[in-house]
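Q: Residue numbers (this note's numbering), protein chains in the order written: chain A, 28 to 271; chain B, 28 to 271.
We put the CB at the ideal spot given by N, CA and C, even for glycine.
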C-alpha cells in the first residue's frame, strides 16, 4: 500500500475531461477525511450557460465592473462574463485548471491563491465564488482572513457573489456523524476536510466550508462585508450576495 | 483521518444503482493499493443483452446444461441464461449483489465463495467468469486452488467461459510501474490488489488477476482444465473457453 502521489489531481482531471469528446464521461472523485468518497460527472465544469441551473445564470446578473473569478475551474463563469464584455481575471491554485481555462479561451487566467493574488495590487468590483466556492472560506478562522484579503482588493461598493450549500440539511447518517465530530472538535459543523483524487494523484487535503445563510451572516458580522441578499435554490443550495 | 469502514461497498453500490431511475448515474469506484483510483459508470451491471458487447452475447452461446455464474454482480448474465431456459445458480460474496440479483429476478442466487459453494456438493456443466471475472483467479498460487475447486464441482466435459484482460497491453506509466513492482515481488505482473469504495464503505482488499491468454494457458497446464478457445475482443480483452 503506497497510496496516491500528492499533486494537481483536480487539474489533471480537467485536462483529461477537456481531451475527451464527451466531458460527461469524466468523473470527479472527492474523498473526505472520514473515508467518505463521492464520484460524480465532471460535466458541469464544461457546461455552457444554456445548460446551467437558472440560479447560476442569475448570479452573473449581479456581476459588474472588474471581476475576480476565484477557483475558476475550467473557466465556465469567466467565459460567460467575457462574452458579456466584462474584464475578468480567473484565479485558481490548480495549474491544470489555469491551463484548461486558457485553452478554452479565458484571456486572463492566473495561478495562485487569493492571498498570492492580493500582492499584485489589483482592485475588483466583483468577486465570484460560484460552483459551491463559498466553501473556500474553509473555516470560521480562515473565513475572516479570506474576507479581509478580498477587502484589500475591493473597489468601493464591491460585491461577492457566492454559491453556498448548507450541510446541515442532510439527514444522511455519515454526514450527521461528521458534523457531530466537528462540533466536538470546536469546528463549524459544515467544515469538511477533503481532497480530490484522480488516477494515481491526490490533491493535498484542504478545508471546505458548507455553511447555512445564518452561519454566513454571523461569519461576516465582524468584517467589512454585509450579507445583502440570499436566494434559496433548494433546501441545501443558495446564492448569496455580499456587499462591501 | 478515520478512513472508510470495511463492508459490502460493491453490494451497496449495486443497491443504490438499482434504486436509481437511471443506473448510468451510478458510479463504481475501484482503488488499487498503489493509490490509483478509477471511477466509471456502473451501467454495465444492469445492461440488457441488446446493450452488451457482441463478445458477451457470444459467450453465452458456449453455455450449456447447469450453469454456475461466479461473481454474478447484479445478475445480468444469470438473467439472460434463465431467459434461455438454462438452470443457473448465481454466486457472489457480496450480500448486496445477491439481494439485487434476486430483486431483478434471478431465481437461484447464493451468497458465498466458490470454496463455500463447493461444499454443497452440486455439479455444473458451465462455469461463467464474465465481467472480467477471470480476475477471480487472483494470483498464480490461488489460481490452482480455484481451478481445483471448479474441478470438484465439474460434470464430465464441463466448460469455463471467462472474460480476461491483459494488463501488459497498457503503456500507462502507472500500470508499467505497478507491473514492475509485481515482478520484483515475484508476482505475476497483472496481479492487482484492489478494493471497491462506495460512500463511507470500502470492501476488504482483494487480489484480481489480469493475465494474457499465454499466461492463462501456462496457469492451467498443471490442472484438469485445457484452454480450448481464445477470442480476441481488442488488444486488452479476450474471451477464453476452458474445457474439463
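1) To the nearest angstrom, how far is the alpha carbon of residue 91(A) from that of residue 127(B)?
2) Check residue 290(B) in the structure and name its three-state DSSP category.
3) Taking one C-beta from the stretch 184-199 of chain A and one from the stretch 152-166 of chain A each time, how about it: are there three or more such pairs within less than 8 Å?
4) Identify the contact partners of residue 30(B) in chain A, using a Cβ-Cβ distance below 9 Å as the criterion.
5) Are the C-beta of residue 227(A) and some C-beta of chain B separated by less than 8 Å?
6) Ignore the nearest five residues each way along the sequence and tell me which others in residue 257(B)'s own chain have a CB closer than 6 Å to its CB.
7) If the cut is a Cβ gap below 7 Å, which residues of chain A does residue 224(B) touch?
8) Hey, residue 97(B) and residue 118(B) are a contact pair by Cβ (cut 8 Å); roughly how many whole angstroms apart?
9) So, for residue 50(B): in the same chain, excluding its five sequence neighbours on each side, which residues have a beta-carbon less than 6 Å away from its beta-carbon?
10) Taking buried to mean at least 16 other C-beta atoms within 10 Å of its own C-beta, is residue 207(B) buried or exposed?
11) Against chain B, does residue 201(A) count as a neighbour if the rule is that its beta carbon must be under 8 Å from one of theirs?
12) Any beta-carbon of chain A closer than 8 Å to the one on residue 57(B)?
13) Which runs of the beta strand (DSSP E) spanning at least 3 residues fall entirely within the stretch 111-174 of chain A, listed in chain order?
14) Can you tell me which of 60(A), 213(A), 174(A), 269(A) puts its alpha carbon nearest to the alpha carbon of residue 141(A)?
15) Contact criterion: CB-CB distance below 8 Å. Does residue 115(A) meet it with respect to chain B?
16) For a contact defined as C-beta to C-beta under 8 Å, what are the partners of residue 263(A) on chain B?
17) Buried or exposed: residue 253(B), going by 16 or more other Cβ atoms within 10 Å of its Cβ?
18) List the endpoints of the continuous alpha helix (DSSP H) containing residue 86(B).
19) With DSSP as the reference, label residue 283(B) as helix, strand or coil.
20) Less than 8 Å between the CB atoms is what I'm expecting for residue 56(B) and residue 223(B), so what's the real figure, rounded?
21) Report yes or no: is there a C-beta of chain A within less than 8 Å of the C-beta of residue 127(B)?
22) Near residue 193(A), what residues of its chain come up, given a Cβ to Cβ distance below 6 Å and the 5 sequence neighbours on each side ignored?
23) Please return the same chain residues whose Cβ sits closer than 6 Å to the Cβ of residue 125(B), not counting the five positions on each side in sequence.
24) Check whether the stretch 203-220 of chain A and the stretch 230-250 of chain A are in contact - that is, three or more C-beta pairs closer than 8 Å.
25) Can you pull the chain B neighbours of residue 268(A), defined as C-beta to C-beta under 7 Å?
26) Kindly say whether residue 260(B), judged by its beta-carbon, lies nearer than 8 Å to any beta-carbon of chain A.
27) Against chain B, does residue 54(A) count as a neighbour if the rule is that its beta carbon must be under 8 Å from one of theirs?
28) Is residue 247(A) buried or exposed, if buried means 16 or more other CB atoms sit within 10 Å of its CB?
29) Output needed for residue 196(B): all residues of its chain with C-beta closer than 6 Å, excluding positions within five of it in sequence on either side, in chain order.
30) Label residue 75(A) either buried or exposed according to how many other C-beta atoms from any shown protein chain fall within 10 Å of its C-beta, with 16 as the threshold for buried.
A: Working from what's here:
1) Start at 1 with the first residue of the first chain, and residue 91(A) comes out as number 64. Start at 1 with the first residue of the second chain, and residue 127(B) comes out as number 100. About 53 Å.
2) Because residue 290(B) is not part of the residues shown, which for chain B are 28 to 271, the question remains open.
3) Judged by Cβ distances under 8 Å, the stretch 184-199 of chain A makes contact with the stretch 152-166 of chain A, as three or more pairs qualify.
4) The count along the second chain starts at 1 and reaches residue 30(B) at position 3. Near residue 30(B) (Cβ distances below 9 Å), the residues of chain A are 60, 61, 62.
5) Taking the first chain and counting its residues from 1, the one referred to as residue 227(A) is at position 200. True, the Cβ-Cβ gap to chain B drops below 8 Å.
6) Walking along the second chain from the start, residue 257(B) turns up at place 230. Sequence-distant partners of residue 257(B) (beyond 5 residues in either direction) whose C-beta falls short of 6 Å from its own C-beta, in its chain, are 240, 265, 267.
7) The residue you call residue 224(B) lines up with position 197 of the second chain. When 7 Å is used as the limit between beta carbons, residue 224(B) is near these residues of chain A: 64, in chain order.
8) Locating residue 97(B) in the second chain gives position 70, counting from the first residue. Locating residue 118(B) in the second chain gives position 91, counting from the first residue. Correct: roughly 5 Å between the Cβ atoms.
9) Within the second chain, the letter at position 23 stands for residue 50(B). Closer than 6 Å at the Cβ level, and outside the excluded window around residue 50(B), lie 44, 70, 73.
10) By one-based count along the second chain, residue 207(B) stands at place 180. Taking all protein chains in view, the Cβ of residue 207(B) is surrounded by fewer than 16 other Cβ atoms within 10 Å, so the residue is classified as exposed.
11) As a working note, residue 201(A) is residue 174 in the first chain. Yes, residue 201(A) counts as interfacial toward chain B.
12) Here residue 57(B) refers to the residue found at position 30 when the second chain is read from its first residue. Residue 57(B) has a beta carbon lying at 8 Å or more from every beta carbon in chain A.
13) Here the runs fully enclosed are 115-119, 136-138, 151-156.
14) Locating residue 141(A) in the first chain gives position 114, where the first residue counts as 1. Among 60(A), 213(A), 174(A), 269(A), the Cα nearest to that of residue 141(A) is on 174(A).
15) In the first chain, residue 115(A) corresponds to position 88, counting from 1. For residue 115(A), the answer is no, since every Cβ of chain B falls outside 8 Å of its Cβ.
16) Taking the first chain and counting its residues from 1, the one referred to as residue 263(A) is at position 236. Near residue 263(A) there are no residues of chain B at all, since even the closest Cβ is about 17 Å away, more than 8 Å.
17) Translated into the one-based positions of the second chain, residue 253(B) becomes position 226. Under the 10 Å beta carbon count, residue 253(B) is surrounded by fewer than 16 other beta carbons and is classified as exposed.
18) The residue given as residue 86(B) occupies position 59 in the second chain. Annotation: the continuous alpha helix (DSSP H) that includes residue 86(B) extends over 81-88.
19) Summary: the structure shown does not reach residue 283(B), with chain B confined to residues 28 through 271, and so no result is reported for it.
20) The residue you call residue 56(B) lines up with position 29 of the second chain. The residue you call residue 223(B) lines up with position 196 of the second chain. About 7 Å; that satisfies the 8 Å criterion.
21) Position 100 of the second chain, counted from the start, is the residue given in the question as residue 127(B). Under the Cβ criterion of 8 Å, residue 127(B) is not counted among the residues facing chain A.
22) Translated into the one-based positions of the first chain, residue 193(A) becomes position 166. The beta carbon of residue 193(A) sits closer than 6 Å to those of 239, 263, all from its chain and outside the five residues before and after it, given in chain order.
23) Stepping through the second chain from its first residue, residue 125(B) is reached at position 98. Scanning its chain for C-beta atoms nearer than 6 Å, with the 5 sequence neighbours on each side dropped, one finds around residue 125(B) the residues 119, 136, 138, in chain order.
24) Counting C-beta pairs closer than 8 Å gives three or more between the stretch 203-220 of chain A and the stretch 230-250 of chain A, which meets the contact rule.
25) Taking the first chain and counting its residues from 1, the one referred to as residue 268(A) is at position 241. Those within 7 Å of residue 268(A) in chain B number zero; the least Cβ separation is about 32 Å.
26) Counting from 1 along the second chain, the entry for residue 260(B) is found at position 233. By this cut-off, residue 260(B) is not an interface position.
27) Position 27 of the first chain, counting from 1, holds the residue named residue 54(A). True, the Cβ-Cβ gap to chain B drops below 8 Å.
28) Taking the first residue of the first chain as position 1, residue 247(A) is located at position 220. Answer is buried; the Cβ neighbour count reaches 16.
29) For the purposes of this step, residue 196(B) is taken as residue 169 along the second chain, with counting starting at 1. The answer, listed in chain order, is 262, 263.
30) Position 48 of the first chain, counted from the start, is the residue given in the question as residue 75(A). Label assigned to residue 75(A): exposed.
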